[in-house]
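Working notes, beginning with the structure itself.
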Amino acid sequence: MGAHIETEDPGGTDGTGGPDGSGASRAARRDEAVRAAVEQGLLGPDRPLVGLLDVVGIRESAAELRAAFEAVTAPGTPVLHAFAVKAAPLVPVLRLLREEGVGAEVASPGELALARAAGVPAGMTVLDSPAKTPAELREALDLGIAVNADNPQELDRIDGLMRTRPSRSPLGIRVNPQVGGGAIEALSTATATSKFGVALRDEGAREWVVRAYLDRPWLTRLHTHTGSQGVPLSLMARGVAEAYALAEEINRRAGRRQVDTLDIGGGLPVNFASDATTPTYAQYARMLAGEVPGLFDGRYGLVTEFGRSLLAKHGTVVARVEYAKTSGGRAVAVTHAGVQVATRTVYAPGSWPLRIAAYDAKGRVKDGPVVVQDVAGPACFAGDLLAQGRSMPLLEQGDYAAALDTGAYYFAHHYGYNSLVRPGVYGFWPGGRFALVRRAQTVEEVVAESGGAQAEGLTGSP
Ligand SMILES: *Cc1c(COP(=O)(O)O)cnc(C)c1O
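Using this note's numbering, read the sequence shown as starting at 59 and increasing by one per residue.
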């Protein structure tokens, strides 16, 4: 049985490919985990907030990703799936994915350190940040990590580094095909004025890119990341098609297969409106194979960089209802999950609505008459709401509210507002089994990270 769920947009489609297209078994696993978390004391009056990760679900998504591209690539085509670490920067998650054959796409020294701590080998790591320092570039080149240069100035730096010490890193340039944006401006990477990559349609830019390759035999990759949440698949496919056409042009003018690998980025959108996984990796891969067949005929290796779509549906943040009250006739459940774990939803609820599931004080799925209510967080500002005017079974004191599909870019992305501690994160398996992924932060740690050792720093004389 799935939790009773209402959303602002109940329009999710059901029953798409994959072993769990409707998400029914995933919902059942989640319900079991919430109940077990309460029974085992991972959640309770003194531990009012926790993040849960569905290990079986993460493995299923990784397997679906591999299978989707295996189904459309010529036999023997090298394909590296590099998980965008920013979507779930947790070492045990990166290790789990690595075991599933998935590498890491990193965009900062911290993310690279996480990938290395998880044992992701250099050959399965890609560095893509738009603001790499010389030291970061040197480290990546010395480790043999793939690097995509974002812009001409960065390519200059790489030139200098390659002159002093050549590297075996696969190197490429990131291009912005400028095919346009999607529904969420802040996540649209291929707009005319995006900050990412070399803007291909700007005057002289395409010729500059081609010359850059002809002058540098060690440039063998080409990178684009065209979409993210809100960008339609057709637009993503257009971005990939543009990059493919450019690679073909470079190789034609070079008279050899200089570009041997296309990095097509990530960005598959996630359905936040129901448990169904839609669109699927299989749909996207089939669409790409239809639109850009040459990309899959074995002449090019492939790199992908999916983030949200690998993790989102496998995470649940569960918060205890500390108080239930009414205000102006509106029922309000005051919970422990707000802006610190669901920052995007709280600040941009129109773009990031989340489904909320209701569980009772024993962690059982809550049924009963549906009531219009607000689900609020603990932070001290009025907008700290997980859901506003939502119709769902009435949340009462001691119940639990679960924010669903929060495995990517949510509880792993703590925001330090009100000095609220980072919640603990646990992976779960069927049968009520849990493993610690990240322990909860302590108040002592908050003090230490807030200059606790420098208490006299401003009152003494420097
Ligand atoms: C964020 C990002 C990704 C992953 O995007 P998702 O929408 O999470 O799949 C991939 N590549 C690059 C370069 C990114 O910045």
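Where a beta carbon is used, it is the ideal one built from N, C-alpha and C, also for glycine.
If you're wondering where the values come from, they're calculated on a predicted model, not measured in any experiment.
May I have the straight-line CA-CA distance separating residue i from residue j, to the nearest angstrom?
| i | j | result |
| --- | --- | --- |
| Ala61 | Lys424 | Caution is warranted here: a pLDDT of 43 is assigned to Ala61, below 50, making its placement in the model unreliable, and the coordinate value is therefore given only provisionally. The alpha-carbon atoms of Ala61 and Lys424 are separated by roughly 7 Å. |
| Asp214 | Tyr302 | 24 Å |
| Asn234 | Glu349 | 19 Å |
| Gln316 | Val149 | 35 Å |
| Ser166 | Val184 | 11 Å |
| Val375 | Gly161 | 26 Å |
| Pro179 | Tyr484 | 25 Å |
| Gly75 | Ala340 | For Gly75, the predicted structure reports a pLDDT of 38, less than 50, and the residue's modelled location is therefore unreliable. The matter cannot be settled from this model. |
| Thr384 | Val390 | 6 Å |
| Thr65 | Arg448 | Low per-residue confidence applies at Thr65: pLDDT is 39, beneath 50, and the placement is therefore not dependable enough to give any value. |
| Gln499 | Gly509 | 16 Å |
| Leu320 | Ile203 | 16 Å |
| Ala434 | His281 | 41 Å |
| Glu503 | Gly99 | 22 Å |
| Val268 | Ala244 | 29 Å |
| Gly518 | Ala511 | 14 Å |
| Asp333 | Val96 | 22 Å |
| Thr249 | Arg84 | 35 Å |
| Ser246 | Ser286 | 7 Å |
| Thr71 | Phe330 | Because Thr71 sits at a pLDDT of 34, beneath the cut-off of 50, its placement in the model cannot be relied upon, and the following sentence gives the value as read from the coordinates. Going from the Cα of Thr71 to the Cα of Phe330 covers about 11 Å. |
| Asp67 | Ala419 | At Asp67, the pLDDT of 35 sits below 50, so the modelled position is not reliable; the number obtained from the coordinates is stated separately. Going from the Cα of Asp67 to the Cα of Ala419 covers about 27 Å. |
| Ala513 | Val205 | 42 Å |
| Ala197 | Gly134 | First, the residue type needs correcting, since residue 197 is Glu and not Ala in the sequence shown. Those two C-alpha atoms are separated by around 31 Å. |
| Ala440 | Val298 | 42 Å |
| Pro103 | Leu452 | 19 Å |
| Met59 | Gly79 | Low per-residue confidence applies at Met59: pLDDT is 37, beneath 50, and the placement is therefore not dependable, though the value from the model is reported in the following sentence. Going by the C-alpha atoms only, they are around 16 Å apart. |
| Asp355 | Ala121 | 22 Å |
| Leu201 | Pro275 | 20 Å |
| Ala173 | Leu152 | 7 Å |
| Thr338 | Val505 | 44 Å |
| Val501 | His471 | 18 Å |
| Ile63 | Thr191 | Only weak support exists for where Ile63 lies, its pLDDT of 45 falling under 50; the value from the coordinates is given anyway. If I take the Cα positions, the gap works out to 46 Å. |
| Ala171 | Gly177 | 10 Å |
| Thr284 | Gly325 | 7 Å |
So, residue i versus residue j, is the Cβ gap smaller than 9 Å?
| i | j | result |
| --- | --- | --- |
| Val397 | Tyr475 | yes |
| Thr362 | Leu123 | yes |
| Ser409 | Gly288 | yes |
| Val137 | Leu346 | no |
| Arg496 | Gly109 | yes |
| Gly352 | Glu306 | yes |
| Thr401 | Leu412 | no |
| Gln455 | Glu380 | yes |
| Glu212 | Pro488 | no |
| Ala459 | Ala416 | yes |
| Leu101 | Arg480 | no |
| Gly399 | Ala461 | Rather than Gly, the amino acid found at residue 399 in this sequence is Val. Taking 9 Å as the Cβ cut-off, Val399 and Ala461 qualify as a contacting pair. |
| Phe127 | Ala263 | no |
| Asp112 | Gly465 | yes |
Pull the bridge partners of residue i from the DSSP assignment, please.
| i | result |
| --- | --- |
| His139 | Thr362 |
| Pro211 | The question names Pro, but residue 211 is Gln in the sequence shown. Paired residues: none, contrary to the question. |
| Glu163 | Ala142 and Val184 |
| Trp487 | Arg491 |
| Ser449 | Val430 |
| Tyr417 | Val423 and Tyr458 |
| Gly109 | Val375 and Val483 |
| Asn234 | Ala257 |
| Gly229 | Checking the sequence, you will find Leu at residue 229 rather than Gly. Leu229 pairs with Val205 and Leu277. |
| Leu443 | Ala434 |
| Arg496 | Val483 |
Closest to residue i by C-alpha separation, out of the options, would be which residue?
| i | options | result |
| --- | --- | --- |
| Pro436 | Leu101, Met450 and Leu107 | Leu107 |
| Ser252 | Pro188, Val379 and Arg274 | Pro188 |
| Thr336 | Ala86, Pro103, Leu100 and Ser119 | Ser119 |
| Tyr467 | Asp112, Pro147 and Thr135 | Pro147 |
| Arg422 | Ala86, Cys438, Gly218 and Gly115 | Ala86 |
| Ala193 | Arg105, Gly218, Ser519 and Ala511 | Gly218 |
| His195 | Gly285, Met182, Ala175 and Val164 | Here residue 195 is Leu; the residue named in the question, His, does not match the sequence. For Leu195, the nearest C-alpha among the options comes from Val164. |
| Lys371 | Gly102, Ser246, Gly115 and Glu90 | Gly115 |
| Ala445 | Gly365, Val137, Arg310 and Pro407 | Pro407 |
| Gly387 | Asp432, Met294 and Phe354 | Asp432 |
| Trp266 | Leu110, Ile231 and Ala461 | Ile231 |
| Leu143 | Phe364, Pro351 and Gly159 | A quick correction: the sequence has Val, not Leu, at residue 143. The candidate whose alpha carbon is nearest that of Val143 is Phe364. |
| Gln236 | Arg259, Met220, Arg226 and Ser225 | Arg259 |
| Pro327 | Gly356, Leu304 and Met294 | Met294 |
| Val428 | Pro488, Met450, Ser477 and Ile414 | Met450 |
| Gly323 | Leu516, Ala126, Arg88 and Phe141 | Phe141 |
| Asp273 | Asp318, Ala312 and Gly181 | Ala312 |
| Tyr473 | Asp442, Phe486 and Leu277 | Asp442 |
Using a beta-carbon distance below 9 Å, is residue i in contact with chain C?
| i | result |
| --- | --- |
| Asp217 | Structure shown: chain C not included; a single protein chain is present. |
So does residue i have its beta carbon nearer than 8 Å to some heavy atom of ligand 2?
| i | result |
| --- | --- |
| Asp186 | Among the ligands in the structure shown, ligand 2 does not appear; only ligand 1 can be found there. |
Of all the beta strand (DSSP E) runs that stay within the bounds of the segment 250-316, which reach a length of 3 or more residues? 277-281
Would you list, in sequence order, the uninterrupted beta strand (DSSP E) runs of no fewer than 3 residues that lie entirely inside the segment 319-404? 319-321, 359-362, 373-385 and 388-393
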